[in-house]
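The structure under discussion appears below in the form of structure tokens.
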Amino acid sequence: MATLLVIHSSPNLQQSHTRALAARYVSQWQARHPEGRVIERDLALAPPPHLDMATIGAFYTPEAERGADAKAALALSDALIAELLAADEVVIGAPMHNFSVPSALKAWIDHICRVGVTFRYTEQGPQGLLGDKRAVLISARGGNYGSGSPASGMNHQDTYLRTVMSFIGITEVATINAEGVASGEAGLDQAQSQIDRLHAA
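Under UniProt numbering, the letters of the sequence shown match residues 1 to 201, in that order.
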């Protein structure tokens, strides 16, 4: 059974462009996978905490040596990673916040980037362990930060998310950007068309 994991990170619960675009993607995905399962993780409603020393220490403690406190510190990270491991495809909806991603999404990333679980170190450098998955990155931005725009050099959102996906082994990545949404509907229309084309392929 195909499984889709959807990560929402917009704090705007009612009028979010990324939430609307993700819903469009999910609807079309379900039409193609009527028996599929959709897991939704809303980081605005339940934001992961920032990493603390207890959690970081537990990350690097061998599993056989983890006591009750270490296991408790890892409980959320384990749950988030279990959702990711169960998915064949992951959709991440993220508005641009100050040239990058919302802090709740950054915290989610910190919890799912786990040495020995989603990546490992080798003599050739870090190696991602989730290479059997596909990612779709859906963003919305008030201005135009796309390739070739005057502000493209300030776009640390797309490059960051693609780097994270590659780091954990997900190299099949599609990026859908709703540019300039503060100025009109053209960017949103273009993003909707990108979603439609992905499902038509």
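Quick reminder that beta carbons are idealized off the backbone N, C-alpha and C, glycines included.
- Ranked by Cα distance from Trp-108, the first of Ala-182, Leu-129 and Pro-47 is Pro-47.
- Close CB contacts of Ile-92 within its chain, under the 6 Å cut and outside five residues either way in sequence, are with Ile-7 and Leu-137 (chain order).
- Secondary structure at Ile-39: strand, using DSSP grouped into helix, strand and coil.
- Listed as beta-bridge partners of Gln-127 by DSSP are Arg-120.
- A residue is called buried when at least 16 other Cβ atoms come within 10 angstroms of its Cβ; Gln-14 does not meet this threshold and is exposed.
- If you draw a straight line from the Cα of Ala-186 to the Cα of Gly-180, it comes to about 8 Å.
- Non-local beta-carbon contacts of Leu-188 in its own chain, meaning distances under 7 Å to residues more than five positions away in sequence, involve His-17, Ala-178 and Val-181 in chain order.
- Sequence-distant Cβ neighbours of Ser-100 in its own chain, meaning closer than 7 Å and more than five residues away, are His-156, Gln-157 and Tyr-160.
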